[in-house]
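Below is one structure, written out as structure tokens; the observations come after it.
4 protein chains.
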Amino acid sequence: MNSNVFERLESSVRSYCRTFPTVFTRASGSRIHDARGNSYIDFLAGAGTLNYGHNHPALKEALLEYVADDNIVHSLDLHTAAKQRFLETFESLVLKPRNMRYVMQFTGPTGTNAVEAALKVARKATGRTNVIAFTNGFHGVTLGALACTGNRHHRGAAGVDPAGVNRLPYDGYLGDGIDTTAYLDKLLGDNSSGVDLPAAVIVETVQGEGGINSASAQWLRHLERVCRKHRVLLIIDDIQAGCGRTGSFFSFEEAGIRPDIITLSKSLSGFGLPMAVVLMKPALDCWEPGEHNGTFRGHNLAFITATRALETFWTDDRLSLAVQRKGEQVGERLAALAQRFPTLEARGRGLMRGLRTPGEEYATEIAAACFDQGLIVETCGPRDDVLKVLCPLTIPDDELGLGLDIIERNVVRRMERDGKRNARVAAGVFRP
Amino acid sequence: MNSNVFERLESSVRSYCRTFPTVFTRASGSRIHDARGNSYIDFLAGAGTLNYGHNHPALKEALLEYVADDNIVHSLDLHTAAKQRFLETFESLVLKPRNMRYVMQFTGPTGTNAVEAALKVARKATGRTNVIAFTNGFHGVTLGALACTGNRHHRGAAGVDPAGVNRLPYDGYLGDGIDTTAYLDKLLGDNSSGVDLPAAVIVETVQGEGGINSASAQWLRHLERVCRKHRVLLIIDDIQAGCGRTGSFFSFEEAGIRPDIITLSKSLSGFGLPMAVVLMKPALDCWEPGEHNGTFRGHNLAFITATRALETFWTDDRLSLAVQRKGEQVGERLAALAQRFPTLEARGRGLMRGLRTPGEEYATEIAAACFDQGLIVETCGPRDDVLKVLCPLTIPDDELGLGLDIIERNVVRRMERDGKRNARVAAGVFRP
Amino acid sequence: MNSNVFERLESSVRSYCRTFPTVFTRASGSRIHDARGNSYIDFLAGAGTLNYGHNHPALKEALLEYVADDNIVHSLDLHTAAKQRFLETFESLVLKPRNMRYVMQFTGPTGTNAVEAALKVARKATGRTNVIAFTNGFHGVTLGALACTGNRHHRGAAGVDPAGVNRLPYDGYLGDGIDTTAYLDKLLGDNSSGVDLPAAVIVETVQGEGGINSASAQWLRHLERVCRKHRVLLIIDDIQAGCGRTGSFFSFEEAGIRPDIITLSKSLSGFGLPMAVVLMKPALDCWEPGEHNGTFRGHNLAFITATRALETFWTDDRLSLAVQRKGEQVGERLAALAQRFPTLEARGRGLMRGLRTPGEEYATEIAAACFDQGLIVETCGPRDDVLKVLCPLTIPDDELGLGLDIIERNVVRRMERDGKRNARVAAGVFRP
Amino acid sequence: MNSNVFERLESSVRSYCRTFPTVFTRASGSRIHDARGNSYIDFLAGAGTLNYGHNHPALKEALLEYVADDNIVHSLDLHTAAKQRFLETFESLVLKPRNMRYVMQFTGPTGTNAVEAALKVARKATGRTNVIAFTNGFHGVTLGALACTGNRHHRGAAGVDPAGVNRLPYDGYLGDGIDTTAYLDKLLGDNSSGVDLPAAVIVETVQGEGGINSASAQWLRHLERVCRKHRVLLIIDDIQAGCGRTGSFFSFEEAGIRPDIITLSKSLSGFGLPMAVVLMKPALDCWEPGEHNGTFRGHNLAFITATRALETFWTDDRLSLAVQRKGEQVGERLAALAQRFPTLEARGRGLMRGLRTPGEEYATEIAAACFDQGLIVETCGPRDDVLKVLCPLTIPDDELGLGLDIIERNVVRRMERDGKRNARVAAGVFRP
């Protein structure tokens, strides 16, 4: 019998644990510790779930107090005091200041469940079935959401053909100078384009899994305009880019657009607890009671930490400004590397940043070296060739600097090895 | 502006809160309290999520300790000490004693995500797309699972046609004396039946949402035999009936069958925390790393309470015996009502019980009266005509009796009103 | 280079030519001749396309005259004199005498195109997508029709999952004494049956490819009643059983039902020329112009022969009576065989008859022996174990008798070989 | 009762007869006559089915002789002498001179059936489900083919969601200077493009229904190259553009490409008789016997006329040269109109030509005026704004000139009315 319980009992589907092969035990802020006594700076941040770091004291305090006092933990979609406070707080701290009128649907507490609900309500409200999704998009792996997800690795596991989605090129996909929303506009206006009039367009403002591709604010505005023109709903999937990751609470605020439907999850609870919501304009709320349900829609511990997170971080613009500042710092460090090694490319905005390397073998090797040196950073993109820098938004400056130093050191080392090899090849010393 | 934040901000999809219109605040054991100071006996139990009651002290203690100590909360599918202990405990307390060899996949922490993963892996392992599901089955509402769910209310909201599923009649659906597995056997063996050879059959041993329909142990054995004969996988969806609800840990133990794949969720964490797993025979574990993923696969708070729940309740057979005893008690009380009023029908096994009334208006009225008198009990079934008695397994005898008294009182009251009316009609006093 | 042009140039998909490996040249009535000078009695009749035999002189005359005179051959869906005469004749000889009010849609001239159109208009008229088809049904192999076809051989070649169809057991499929329309009734009336309310039920009154299974008149009436009750359309696919094959023009006349939609093809042109129509009740005719189109909707040569066929055979009941008489004769001969050899089973009605043998190897061997002796007869059914007796309706008595003699001789020979072998085994002389 | 049998009995789906409201009776060459004694020049030519004109004497003679002599008319997929001669003639006159090695599958005798078979065999041979089709493409209206067809009018009648097809922009769709095959290349090479690796690309070299859009020879070569690079099959749907319509027998000969699969129908029989074939490279012929079947695969009258058509027109290059010459003549006349009225656009190649007008109301009015003056010409394109000039290839020069004169006259009249109106508006005389 295999003495390792993970290998013995856990399905081969496990993934991150292969890249970061240790047993983690404790964590706080942007630091995470393992059973062997090692400590790591966390640039993974739960793939965008820990925007406020691990075990933030203010959130932890609220959670402990709530649990200790025998408050309601699980409530289906019953009314609870915890949900009430979350709704009121979200309204006063997020919606009202942005002059946004939306109703909220609590779905099963994962992003993919929120996407499924968003697609359903968009289809129900419009009476259409088609949905437009974009190249390199990621929206989850349950069947409805998976149809919108671009990755063949995930799509290939669907088991049945994911239906009801047409694929359009994301901003920049057809090269510079081509506005891909013009193509969408033409397709929608053409009665024999073969692209049926869709219920909705679903899009991420920054594609996380897709390799840290950012849509420009202008492109997002054009996209909104095309949607309005053809009376198609615009769904912003803000599961990874939302909750402050790009600076503002919603990632689309910079563009000044007003999506019809918004999905949020990941960092919404602020503490890593499962939670997901769909925001929709009131006129779209055509649900009948219970049409879309789920056992864990009422995860009150998440309501509690989410409320405290909003109170802690979103009553003023300090977090936003910090994200902006640190984001620029990360961007500059990555840009400097890209300038030094032209096969690299710096990507992203806010604290959602990436460095595209020449290939998966580069990114993988660099991430592994970083891990050995105390930094957790993952890779992403269609070819897994992009280092994904997604530290907690609350990371102290020194730890951020330390993490970036580790990245820089290992990137340089890897790229210079190439350089030397190329020089030797050029000098005839080495034959590849 | 609507002064009620729920009405103002929450989508019309909310459902339970319409039946039990109050704001709940605290709970412990089988008691739940609201903001107006009312206390209720809870025969809803989170629709089967709170088998060990609300805020069980042993689980609460483990949770508080874990959170207080800055342990890992969110971990994607990284290895953590909490997950390790859960795996070891599940192996030693659940799998080994039952001589079961399975690997475990942690999916997004909702039942529907587990069902999606189970369907995918079954399709991948067999290379087939078709799946057999049963009349009145419920397996979730994300698109892949929804295709298996029978309810038109949920199916109608799909937005696209749920594909890849054929429907077969559940045990008893074609009337007494007809073994519906023989029909399945014929279809699978017939080259022009029109039912393509399926990857899997997915079935609940007791259909909860479907109206508390129990499959007999013999039918389950026949089903397993038909599956083996045609090399089709057998998936038991034990999300609602598992974790002790019918007495044994798994609901299919009574039948002595060995499913290829098992889904668990709801009461698995024991504390109402989101958690879901897929168990599969090792030979089926054909997943490639990360093929099915999700942000909240590593919800360590749930691992902690789940581990403690196993340690508290599954080291001996006391809980099982108690469920058996209380289940019989509930069964007898419901049977007595059914004997007294022949239009009623008692259903279910263990502590998964139901009382079918003559129609939705009966069940709804009785449930509402119960609520007024301090008992929370929901309705279910295709016509919403079944009272669903799903108390915590740990309910004290006196509270169980009290709850049953309330049900009895209101059932009798409603049925006798009919009786009097019928008598008056018969006597010519009243003309309907 | 292969000297056989068929093997050299024709796809491996060719099929009948493998069973009857010769090159056919000329034919008339129920006789067909090959290039080697052999003559065969034709009990295949173009799989039901040549109800009036090969090259019927009256039809041939009309055809020659029409072509010689430079009349319109191809007309899309333009009005032509030939189409006009066909419409008038069909109205006066088929519809009016039966008091039927239907409009006619000329589709692409194959049965499967007609089925596709029928499904579309049923879905359009009802706004629903689901369709009910039956075990062992055959409705064509283009994707929409294929979803209704039961055979795995054909379904497996679909390439994509055929969607939108639920499968129900045909008359007799669940054994004697079980009326499968009661199951359908229950499913349609059950809100969580998992079978969505369908647009239509599509059914053959006698399943040709499915093995010559006849639905009883009573079952058809029950089916119609269930359809009416749930406001579901009833489509009779009369492509093989129609045009007199069972005695009456439509095969459902015996049952006295009135389908909402009827598909006809095969023997409609009477001369083997491609032609297909959909008949629908006027209220269902919700087509917009050109929504369903096709190049060969206006095959005027077929209109000409179809008109002449109606005039020749359907002005009185002589053909019907002859079919009845000959059908009984065939039935009796097959029944006698089944009585003599209890593993045989006689099936069918009218001149749509079959003899089920113990297995494909029997049916194949018998058909091959018949071919050697001058009779063309094919096999059908899910296991290809049914001899399918489908002679021209106009076959002279002596040729019919001759054909039946050949069948009888070869059936007896094959079955007696079994008998002798069994006897030897029983006597210990032979060990299998 | 409506005295018009067409209105009384024919479904509202009828279409061409609304544009050309008369009853046609006889025809020969490029002339067609109606019951009122009118004669028309035929620029519709059965939507490309009558490339050799109506009732060509050589073909008619072969047909009459064949029918008169009691040869086989209907043969399923049995071998017949007529089929044998067709195969040999197609091989010697079409395949061999072009050095093409293909096997032939006779499908149900309509274009859409051939497309269904082509899609199936491509999916079967590759084991993939996705297919790439293009904007404005038309491939038929049975469900499998319909998924490839672009027109919303047709797609909207599908009844279920047509699945398994991704849509790419046709040559020129993204504007001049953008090679849309580069986009396809990028999508296929990108693991998270969301466009699953397809079985095949299906394309028309000139889109007939789509508005007479011609792909350039270079674009077709690039498309072939992208297909080869990613091991994707290339299907040329040559149903409308083939059989000499663009000059060469196949429309893709100009581009020098070698498709993996080719569909032919429409003018293949040469006489307007239903016929369709799929040509595929021998290595792709993975069909099992009978997997794709159909009653009218063996329409021997069509084999006879098709053979005679090949013998009459394809033994030398006279027809090709004539098409080239007449095509240029048509092209020049249309170009001259487009030069005179800049809102017009001349399109197409060979004798597949179109004139795009400013809108449907123009094209419809012009076509109606032409009809009144003795010319049948239809409209096409997503907006029905393109006059489609598709005369028989064999049209005498004088009739071609006459037809073009009628078009010119009516186009000029319509456009000048605009001009005068614009002038009056400009002069302030008229207020629109």
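Protein chains in written order, with our numbering: chain A, 1 to 432; chain B, 1001 to 1432; chain C, 2001 to 2432; chain D, 3001 to 3432. Think of the CB as a built atom: it goes at the ideal place given N, C-alpha and C, for glycine as much as any other residue.
Selection from the options that minimises the alpha carbon distance to residue i
i	options	result
G46(A)	H139(A), G272(A), P169(A)	G272(A)
R2383(C)	V2160(C), N2136(C), H2292(C), K2083(C)	N2136(C)
L2187(C)	G2210(C), D2317(C), E2224(C), I2132(C)	I2132(C)
T3025(D)	Y3040(D), R3014(D), S3011(D)	Y3040(D)
G2244(C)	P2169(C), A2426(C), M2352(C), R2152(C)	M2352(C)
I2262(C)	F2250(C), E2254(C), R2308(C)	F2250(C)
Q1373(B)	L1402(B), L1220(B), T1343(B)	L1402(B)
G1111(B)	T1180(B), G1290(B), P1021(B), T1149(B)	T1149(B)
Y102(A)	L284(A), W314(A), L174(A)	L284(A)
V3412(D)	T3357(D), S3192(D), R3036(D), H3056(D)	T3357(D)
F2020(C)	D2385(C), A2426(C), C2370(C)	C2370(C)
V1067(B)	S214(A), A114(A), K60(A), G354(A)	K60(A)
Chain B contact for residue i (CB, 8 Å cutoff)
i	result
P289(A)	yes
T2129(C)	yes
Y2183(C)	yes
Residue-chain proximity (residue i, chain D), Cβ-Cβ < 8 Å
i	result
D2042(C)	no
A302(A)	no
A2118(C)	no
G210(A)	yes
P2274(C)	yes
G137(A)	yes
K2266(C)	yes
Straight-line gap, residue i to residue j (C-alpha atoms, nearest Å)
i	j	result
T1448(B)	N1410(B)	Given that chain B is displayed from residue 1001 to residue 1432, the structure contains no residue 1448(B) and the question cannot be resolved.
K2420(C)	R2340(C)	15 Å
A117(A)	H292(A)	7 Å
L1279(B)	T343(A)	45 Å
D3397(D)	Q3329(D)	10 Å
V2323(C)	E2360(C)	28 Å
Closer than 8 Å to chain A by CB, residue i
i	result
A3367(D)	no
Beta-bridge pairing of residue i - partner residues as DSSP gives them
i	result
L1389(B)	Checking the sequence, you will find Val at residue 1389(B) rather than Leu. R1353(B), per the DSSP bridge assignment.
T22(A)	Its beta-bridge partners do not exist; DSSP assigns none.
E345(A)	R356(A)
R3031(D)	S3028(D), I3041(D)
R1167(B)	A1133(B)
Residue i at chain C interface by Cβ criterion, 8 Å
i	result
P3396(D)	no
I3132(D)	no
CB-CB length for residue i against residue j, believed under 8 Å
i	j	result
L3233(D)	A3182(D)	That belief does not hold up - the Cβ atoms of L3233(D) and A3182(D) are roughly 20 Å apart, past 8 Å.
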